[in-house]
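Colleague: Handing you this structure, nothing more for now.
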Amino acid sequence: MIRIIIILAVLLCILQRGQAQSLLQGHVSQGDSIPLTGVTVLNKRMQHAAITDDKGNYQLKAQRGDTLLLKALGYMPLLYIVTKEKDNIRHRLQPQPIELQTVRIIRYGYLKDSQRLRDEFRNEFNFRRPRWNEVVPSVGPLIAVNINQLYRAVSFAKNRKKDRFKKILLEKEKQNTIDRLFNPEVITQLTGMEGDSLADFMLRHQPSYEFITNASDYDLYQYIREQYLKYSSGK
């Protein structure tokens, strides 16, 4: 009997998760509202991707909290966090110079964006749960209770939401770092790939955050060339 209850509970969780997932419809355009065709839209959690049609529209399964990564040749990558299920999401991509001035310019741009992100969400980035000695500080032989810190400590649901949101922001910051350097323009100039092959290569061979933050320009170029050889031989 207990085994049946456990199985039913698991099935119910799976069903609820499936119901929470919906088919998002989105539209991608450039700054002057002209629709963009061939933009790759990737759901990072599910590793599912869609390509915009000739009207700039796409459909992709996603749920609240998922991160969508939008990439197109000649445009800055864009990350979008699904905050609620919508029938129609609109994105605007900003043009990016195709000339490889080098990745240093892209690095500088990322640092500015990263600082802007941290300034905008300063409280969320700095959030942490109160420590025990902040809730119950020792005052000589006596023990006092900080009511405000105690309230913060026992606000479990609120703290969990803040923890999750902080993790999302940190992941977004890491992904921005990767996308600014491991971008379509660099890869196309080094490999000649475009379109679906380029999108598939970037999905399969994206470097880690740790590698990106420690690699020189030369290291990154070597990594792309080596991964391209593996990708080409595996076709």
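Residue numbers (the numbering used here): 4 to 238. We treat Cβ as the ideally placed atom computed from N, Cα and C, and that holds for glycine. A quick note: this is a predicted structure, and the numbers were derived from the prediction, not measured.
Exposed or buried, what is asparagine 46 when buried is set at 16 or more other beta-carbons lying within 10 Å of its beta-carbon?
Modeller: Against the sequence shown, residue 46 aligns to sequence position 43. With 16 or more Cβ atoms within 10 Å of its Cβ, asparagine 46 is classed as buried.
Colleague: Should tryptophan 135 go down as buried or exposed, given a rule of 16 or more other Cβ atoms within 10 Å for buried?
Modeller: As a working mapping, residue 135 is identified with position 132 in the sequence shown. With a pLDDT of only 44 at tryptophan 135, under the threshold of 50, the placement of this residue in the model should not be trusted, and no figure is reported.
Colleague: With distance defined between alpha-carbon atoms, name the residue in Pro80, Gln28, Gly195 and Ser211 nearest to threonine 55.
Modeller: As a working mapping, residue 55 is identified with position 52 in the sequence shown. Ranking the options by Cα distance to threonine 55, first place goes to Gln28.
Colleague: If you count every other CB in all the chains shown that lies within 10 Å of the CB of aspartate 3, and 16 or more means buried, which is it?
Modeller: Residue 3 lies beyond the range of the chain shown here (4 to 238); nothing can be said about it.
Colleague: Identify, in the order they occur along the chain, each residue of the same chain with its Cβ nearer than 7 Å to the Cβ of methionine 196, setting aside the five sequence neighbours on each side.
Modeller: The residue you call residue 196 lines up with position 193 of the sequence shown. Ile190 and Phe204.
Colleague: Is the beta carbon of valine 85 closer than 8 Å to that of arginine 67?
Modeller: Counting from 1 along the sequence shown, the entry for residue 67 is found at position 64. Counting from 1 along the sequence shown, the entry for residue 85 is found at position 82. Yes, they are a contact pair.
Colleague: Take the Cβ of glutamine 230 as the centre, count every other Cβ of all protein chains shown within 10 Å, and call the residue buried at 16 or more, exposed below.
Modeller: The sequence position of residue 230 within the sequence shown is 227, counting from 1. So glutamine 230 ends up on the buried side.
Colleague: From serine 49 to lysine 74, what distance separates their C-alpha atoms?
Modeller: The sequence position of residue 49 within the sequence shown is 46, counting from 1. The sequence position of residue 74 within the sequence shown is 71, counting from 1. For the sequence presented, residue 49 should be read as methionine rather than serine. Whole-angstrom Cα-Cα distance: 17 Å.
Colleague: Going by the beta-carbon positions, is the gap between arginine 95 and glycine 41 smaller than 8 Å?
Modeller: On the sequence shown, position 92 is the one that residue 95 refers to. On the sequence shown, position 38 is the one that residue 41 refers to. Cβ atoms of arginine 95 and glycine 41: not closer than 8 Å.
Colleague: CA-CA distance, isoleucine 215 and tyrosine 224?
Modeller: The count along the sequence shown starts at 1 and reaches residue 215 at position 212. The count along the sequence shown starts at 1 and reaches residue 224 at position 221. Rounded to the nearest angstrom, the two C-alpha atoms are 11 Å apart.
Colleague: Measure the alpha-carbon distance for asparagine 186 versus leucine 173 and round it to whole angstroms.
Modeller: Numbered from its first residue, the sequence shown carries residue 186 at position 183. Numbered from its first residue, the sequence shown carries residue 173 at position 170. The alpha-carbon atoms of asparagine 186 and leucine 173 are separated by roughly 20 Å.
Colleague: Hey, how far is the Cα of leucine 184 from the Cα of proline 80?
Modeller: On the sequence shown, residue 184 is found 181 positions in, with the first residue counted as 1. On the sequence shown, residue 80 is found 77 positions in, with the first residue counted as 1. About 10 Å.
Colleague: Give the DSSP-derived three-state secondary structure of glutamine 192 in the structure shown.
Modeller: In the sequence shown, the residue the question calls residue 192 occupies position 189. Correct three-state label for glutamine 192: helix.
Colleague: Mind checking leucine 232: buried by the 16 CB within 10 Å criterion, or exposed?
Modeller: Numbered from 1 along the sequence shown, position 229 holds the residue referred to as residue 232. Exposed: under 16 other Cβ atoms inside 10 Å.
Colleague: With DSSP run on the structure shown, which of helix, strand or coil describes isoleucine 37?
Modeller: On the sequence shown, residue 37 is found 34 positions in, with the first residue counted as 1. Residue state, collapsed to three classes: coil.
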